[in-house]
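Notes for the one structure printed next.
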Amino acid sequence: MRFNFKLAGILEDLEQTKNSIAVESKVRPATIHDLVEGNTKRIELPTIERVLDTINKVAKEKGKNKTYTLDDLIEYTKEDAD
Numbered sequence: 048m049r050f051n052f053k054l055a056g057i058l059e060d061l062e063q064t065k066n067s068i069a070v071e072s073k074v075r076p077a078t079i080h081d082l083v084e085g086n087t088k089r090i091e092l093p094t095i096e097r098v099l100d101t102i103n104k105v106a107k108e109k110g111k112n113k114t115y116t117l118d119d120l121i122e123y124t125k126e127d128a129d
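Structure below.
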């Protein structure tokens, strides 16, 4: 897959669990799990917005001077054409 989901690293940086983010963002735990494991085939924009809003809220509460964006959450890797 050409998309790399980086939520696992964000959760580690913020010392949060998948479940805590799921509860706070009101996103199904299975959806958060799929994002962490890279098994997501489809995700709604409102879901991404809730996840980003939640991790940014947690980051602010922890005194992190960082605003997480879509680029921090999902990375696109271009495949070379042979």
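Note that our numbering has the sequence shown beginning at 48, numbered continuously upward. Glycine is no exception: its CB is placed at the ideal position from the N, C-alpha and C atoms. Remember, it's a predicted structure, so these values are computed and weren't measured experimentally.
The C-beta distance from Leu-61 to Ile-102 rounds to 6 Å, short enough to fall under 8 Å. Comparing alpha carbon positions, the residue from Glu-122, Lys-104, Lys-73 and Glu-84 closest to Thr-114 is Lys-104. DSSP places Ile-68 in the uninterrupted alpha helix (DSSP H) bounded by 65–72. By the C-beta density criterion, Ala-55 is exposed, having fewer than 16 other C-beta atoms within 10 angstroms. Contact between Arg-49 and Glu-126 holds: their C-beta atoms lie close to 6 Å from each other, under 8 Å. The beta-carbon distance between Leu-120 and Ile-79, rounded to whole angstroms, is 12 Å. This is too long to meet the 8 Å contact definition. By DSSP's assignment, Tyr-123 forms a beta bridge with Phe-50.
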